[in-house]
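A short worksheet on the structure shown next.
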Amino acid sequence: MGRRAGGGGVDQNKMLDDLSQELHETSSISLRLRPTLGRTVDGLNGDPSRGFRILERKCAENKIRQDARKQLFHVRSGQARKDIRRVRWRKLFLEGFIAECGRVRRMRKQGW
Numbered sequence: 014m015g016r017r018a019g020g021g022g023v024d025q026n027k028m029l030d031d032l033s034q035e036l037h038e039t040s041s042i043s044l045r046l047r048p049t050l051g052r053t054v055d056g057l058n059g060d061p062s063r064g065f066r067i068l069e070r071k072c073a074e075n076k077i078r079q080d081a082r083k084q085l086f087h088v089r090s091g092q093a094r095k096d097i098r099r100v101r102w103r104k105l106f107l108e109g110f111i112a113e114c115g116r117v118r119r120m121r122k123q124g125w
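Residue numbers for the sequence shown follow the working numbering, beginning at 14 and rising by one.
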């Protein structure tokens, strides 16, 4: 079943076994599962200033500072929902305000 008619076919079962074996071999990489795992910078070649810049960029992208600030104090679940609504409202308001300012600028350019 796994071979084509015509002699020189490919054994699909053998291919699947080989692929499965390769996947199991490569997945055995040992990772140090610590909080510093996502904040590790590789390949610096003796340039610590570059490493600190890359690390700062990574921390900013992953919002490490905001997470630490959020985790300082316990917040009730009801208050957390209120805070999320407030943040969402402020973001939407800012977006609408910027759009309105753009419309005003465009109208003033047209002579209104």
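Ideal Cβ placement from N, Cα and C applies to all residues, glycine included.
* Can at least three beta-carbon pairs, one atom from the stretch 71 to 78 and one from the stretch 94 to 103, be found at a separation below 8 Å? -> no
* To do: Note the first and the last residue of the continuous alpha helix (DSSP H) segment covering Val88.
  => It is not in any alpha helix (DSSP H) - Val88 carries neither H nor E in the DSSP assignment.
* Output the distance between the C-alpha atoms of Leu105 and Asp60, rounded to the nearest integer angstrom. => 42 Å
* **Contact set for Leu29: own chain, Cβ-Cβ below 6 Å, skip 5 residues either direction** => none
* **alpha helix (DSSP H) segment containing Leu50, residue limits** => No alpha helix (DSSP H) contains Leu50, which DSSP labels as neither H nor E.
* Asked: Since Leu68 is in the alpha helix (DSSP H), which residue starts that stretch and which ends it?
  -> 61 to 74
* **Same chain, Cβ closer than 7 Å to Leu57, neighbours up to 5 away in sequence not counted** => Arg63, Gly64
* Apart from the five residues just before and just after Ile67, which ones in its own chain have a Cβ nearer than 7 Å to its Cβ? -> Val54
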